[in-house]
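Student:
Protein chains: 2
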Amino acid sequence: MPRSTRRRPALAHPATEEIDLLDVLHALSDPTRMTIVAVLRAEPERACGTFPVDVAPSTLSHHFKVLRESGLISQREEANRRFSALRTVDLERRFPGLLDTVLAAYGRPGGEDGGRGGGPGVRGGEAG
Amino acid sequence: MPRSTRRRPALAHPATEEIDLLDVLHALSDPTRMTIVAVLRAEPERACGTFPVDVAPSTLSHHFKVLRESGLISQREEANRRFSALRTVDLERRFPGLLDTVLAAYGRPGGEDGGRGGGPGVRGGEAG
DNA sequence: TACGATGTTCGACGAACTACGAAATTGACG
DNA sequence: CGTCAATTTCGTAGTTCGTCGAACATCGTA
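Written out as structure tokens, the structure is:
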């Protein structure tokens with residue numbers, strides 16, 4: 186078999202119009218995945234293994250799959266690394282303002298002690 | 186014991202500052218609960234049993250509990266009926282624009298056939 | 001070819017979720 | 001008081017979710 190052919194099925198992403206709101210909300214309702222999205226908001230793209238999350242590689246891979254299949258992120262392959270990026274343009278076209286609003290909300294400190302979704306260690310582009 | 190005392194623990198609602206974003210997103214990621222929220226957006230309040238959802242009463246009660254504990258809705262008792270209302274003011278203060286943006290997104294038709302989150306059969310409901 | 005690095009897939013497990021029916025609670029009405 | 005109506009609580013079944021470890025695949029390099 187040709188060595189240039191990747192065995193992966195080209196990383197199926199949903200088309201913009203197929204992005205389902207409930208899938209997106211579900212994907213965002215997990216702290217690990219929300220962290221990934223928040224980090225991705227500040228950078229154009231990033232390799233999978235470089236996210237500040239504390240889970241096993243297989244678990245991380247699962248989360249990326251959920252994010253990708255929900256339409257929140259896209260992934261491209263480069264060598265044996267996989268880079269993820271937020272689908273900001275598609276999301277904005279499909280659900281205007283949603284991503285910005287949700288991420289702004291995520292940046293808000295909570296009345297609790299900043300446990301779960303209160304104080305993310307990610308401030309993305311707020312400063313800039 | 187005084188008969189005027191309701192046995193229910195006064196329907197605990199989270200304080201505004203305690204509303205957790207991930208809990209809210211998770212609550213909204215279920216089609217039944219999203220329908221409830223969408224209906225509630227059009228009316229100030231509504232009795233539990235009058236929502237256009239197709240689940241058993243006990244299941245519905247569970248969904249209302251999830252919505253209430255997430256901070257999305259408030260419930261008050263009147264006789265043996267329980268009225269639910271969106272906590273629009275609290276939500277707006279906690280997560281500005283979130284509710285509007287999500288519900289606007291929910292109203293968008295999808296590329297699919299409008300099955301799940303595409304076209305909610307909810308508009309005014311004033312007819313009843 | 002062998003090795004290390006990166007990342008996925010598979011199989012498993014416990015926890016959480018959604019669903020339902022039955023029973024219990026509460027209030028209105030006769 | 002007895003009954004109906006609305007809703008919750010309890011117990012339970014089936015599914016989904018998040019997590020991990022082990023094994024596999026790919027790429028770059030020695």
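Just so you know, the protein sequences line up as chains A and B, in that order. Residue numbers are given in the working numbering: position 36 of the first sequence equals residue 221, and the series is strictly consecutive. Residue numbers are given in the working numbering: position 61 of the second sequence equals residue 246, and the series is strictly consecutive. Glycine residues also receive a C-beta, built at the ideal position from the N, C-alpha and C atoms.
#1: In angstroms, rounded to a whole number, what distance separates the CA positions of PHE236 of chain A and GLU228 of chain B?
#2: Taking Cβ-Cβ distances shorter than 7 Å, what residues in chain A pair up with PHE280 of chain B?
#3: Run the CB neighbour count on ASP239 of chain A, radius 10 Å, all protein chains shown included, and call it buried at 16 or more, exposed below.
#4: Please state whether the Cβ-Cβ distance between ARG293 of chain B and PHE280 of chain A is less than 8 Å.
#5: Does any CB atom of chain B fall closer than 8 Å to the CB of THR286 of chain A?
#6: Tell me whether the region 251–259 of chain B and the region 199–213 of chain B touch, counting them as touching only if at least three CB pairs, one residue from each stretch, are closer than 8 Å.
#7: Give the list of continuous beta strand (DSSP E) stretches no shorter than 3 residues that lie fully inside the region 237–299 of chain A.
#8: Identify the continuous alpha helix (DSSP H) that holds PRO229 of chain A and give its terminal residues.
#9: Mark VAL222 of chain B as exposed unless 16 or more other C-beta atoms lie within 10 angstroms of its C-beta, in which case mark it buried.
#10: Against chain B, does ASP239 of chain A count as a neighbour if the rule is that its beta carbon must be under 8 Å from one of theirs?
#11: Compile a chain-ordered list of the residues in the region 198–225 of chain A whose CB is closer than 9 Å to at least one CB of chain B.
#12: Run the CB neighbour count on VAL274 of chain A, radius 10 Å, all protein chains shown included, and call it buried at 16 or more, exposed below.
#13: Should ARG308 of chain B be labelled buried (16 or more other beta-carbon atoms within 10 Å of its own) or exposed?
#14: Along chain B, which residues have their Cβ under 8 Å away from the Cβ of LEU271 of chain A?
#15: Following the continuous alpha helix (DSSP H) through LEU207 of chain B, name the residue where it begins and the one where it ends.
#16: Kindly indicate which three-state DSSP category ARG218 of chain A falls into: helix, strand or coil?
#17: Check whether the Cβ atoms of VAL209 of chain B and LEU283 of chain A sit closer than 8 Å, and answer yes or no.
#18: Check ALA197 of chain B in the structure and name its three-state DSSP category.
#19: From the beta carbon of LEU382 of chain B, is the nearest beta carbon of chain A less than 8 Å away?
#20: Excluding five sequence neighbours on each side, which residues of the same chain lie with their C-beta closer than 6 Å to the C-beta of PRO199 of chain B?
#21: To which residues of the same chain is ARG266 of chain B closer than 7 Å at the C-beta, ignoring the five residues directly before and after it?
Tutor: By the coordinates alone:
#1: As a working mapping, residue 236 of chain A is identified with position 51 in the first sequence. As a working mapping, residue 228 of chain B is identified with position 43 in the second sequence. Between PHE236 of chain A and GLU228 of chain B, the alpha-carbon positions lie close to 43 Å from each other.
#2: In the second sequence, counting from the first residue as 1, residue 280 of chain B sits at position 95. In chain order: ALA290, ARG293.
#3: Along the first sequence, read from residue 1 onward, the residue named residue 239 of chain A stands at position 54. By the beta-carbon neighbour count (other beta carbons within 10 angstroms, threshold 16), ASP239 of chain A is exposed.
#4: Numbered from its first residue, the second sequence carries residue 293 of chain B at position 108. Numbered from its first residue, the first sequence carries residue 280 of chain A at position 95. Between ARG293 of chain B and PHE280 of chain A, the C-beta spacing is below 8 Å.
#5: As a first step, residue 286 of chain A is located in the first sequence; it is residue number 101 there, counting from the start. So yes, THR286 of chain A belongs to the interface.
#6: These segments touch.
#7: Correct list: 258–263, 266–271.
#8: For this step, residue 229 of chain A is matched to residue 44 along the first sequence. First-last for PRO229 of chain A: undefined, no H or E at that position.
#9: Working through the second sequence from its first residue, we reach residue 222 of chain B at position 37. Flag for VAL222 of chain B reads buried.
#10: Looking up residue 239 of chain A in the first sequence gives position 54. Answer no: the Cβ-Cβ gap between ASP239 of chain A and chain B never drops below 8 Å.
#11: Listed in sequence order: PRO199, ALA200, THR201, GLU202, GLU203, ILE204, ASP205, LEU206, LEU207, ASP208, VAL209, LEU210, HIS211, ALA212, LEU213, SER214, ASP215, PRO216, MET219.
#12: The sequence position of residue 274 of chain A within the first sequence is 89, counting from 1. Exposure of VAL274 of chain A is indicated by the presence of fewer than 16 other C-beta atoms within 10 angstroms of its C-beta.
#13: In the second sequence, counting from the first residue as 1, residue 308 of chain B sits at position 123. Because ARG308 of chain B sits at a pLDDT of 42, beneath the cut-off of 50, its placement in the model cannot be relied upon, and the point is left open.
#14: Within the first sequence, numbered from 1, the residue matching residue 271 of chain A stands at position 86. Within chain B, no residue comes near LEU271 of chain A; the closest Cβ sits about 16 Å away, beyond 8 Å.
#15: The residue given as residue 207 of chain B occupies position 22 in the second sequence. In this chain, the alpha helix (DSSP H) harbouring LEU207 of chain B covers 206–213.
#16: Within the first sequence, the letter at position 33 stands for residue 218 of chain A. Helix.
#17: Position 24 of the second sequence, counting from 1, holds the residue named residue 209 of chain B. Position 98 of the first sequence, counting from 1, holds the residue named residue 283 of chain A. No.
#18: Locating residue 197 of chain B in the second sequence gives position 12, counting from the first residue. Three-state DSSP puts ALA197 of chain B in coil, outside helix and strand.
#19: Beyond the ends of chain B as shown, which are 186 and 313, falls residue 382 of chain B; an answer cannot be given.
#20: As a first step, residue 199 of chain B is located in the second sequence; it is residue number 14 there, counting from the start. Taking PRO199 of chain B as the centre and dropping the five residues before and after it, the same chain places the C-beta of GLY256 closer than 6 Å to its C-beta, in chain order.
#21: Position 81 of the second sequence, counting from 1, holds the residue named residue 266 of chain B. ALA232.
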